[in-house]
Amino acid sequence: QDEKLLGDIDELPTEIDALNLAIQQNLLKQEVYTITQEITPKIGPLTP
Numbered sequence: 016q017d018e019k020l021l022g023d024i025d026e027l028p029t030e031i032d033a034l035n036l037a038i039q040q041n042l043l044k045q046e047v048y049t050i051t052q053e054i055t056p057k058i059g060p061l062t063p
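Following my numbering, the numbering of the sequence shown begins with 16 at its first residue and continues without gaps.
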């Protein structure tokens, strides 16, 4: 039981990193979306 717990603790930093990365990517998406919402009315739809 203790060994399992130690294994879980060892994996924690990786999981926290993954979580932080997901949060950063989500914030970035939110930022891009917000910027797009602000700019689009001024310059028209962004079409590739």
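Note that beta-carbon positions come from the ideal geometry of N, C-alpha and C, so glycine has one too.
Exercise for the section: To the nearest angstrom, report how far apart P28 and Q39 are at their CA atoms. Expected result: In this structure, the CA atom of P28 is about 16 Å from the CA atom of Q39.
According to DSSP, is G22 helix, strand or coil?
The three-state secondary structure of G22, taken from DSSP, is helix.
- Query: Can you give the Cα-Cα distance for Q45 and K57, rounded to whole angstroms?
  - Reply: The C-alpha of Q45 lies about 19 Å from the C-alpha of K57.
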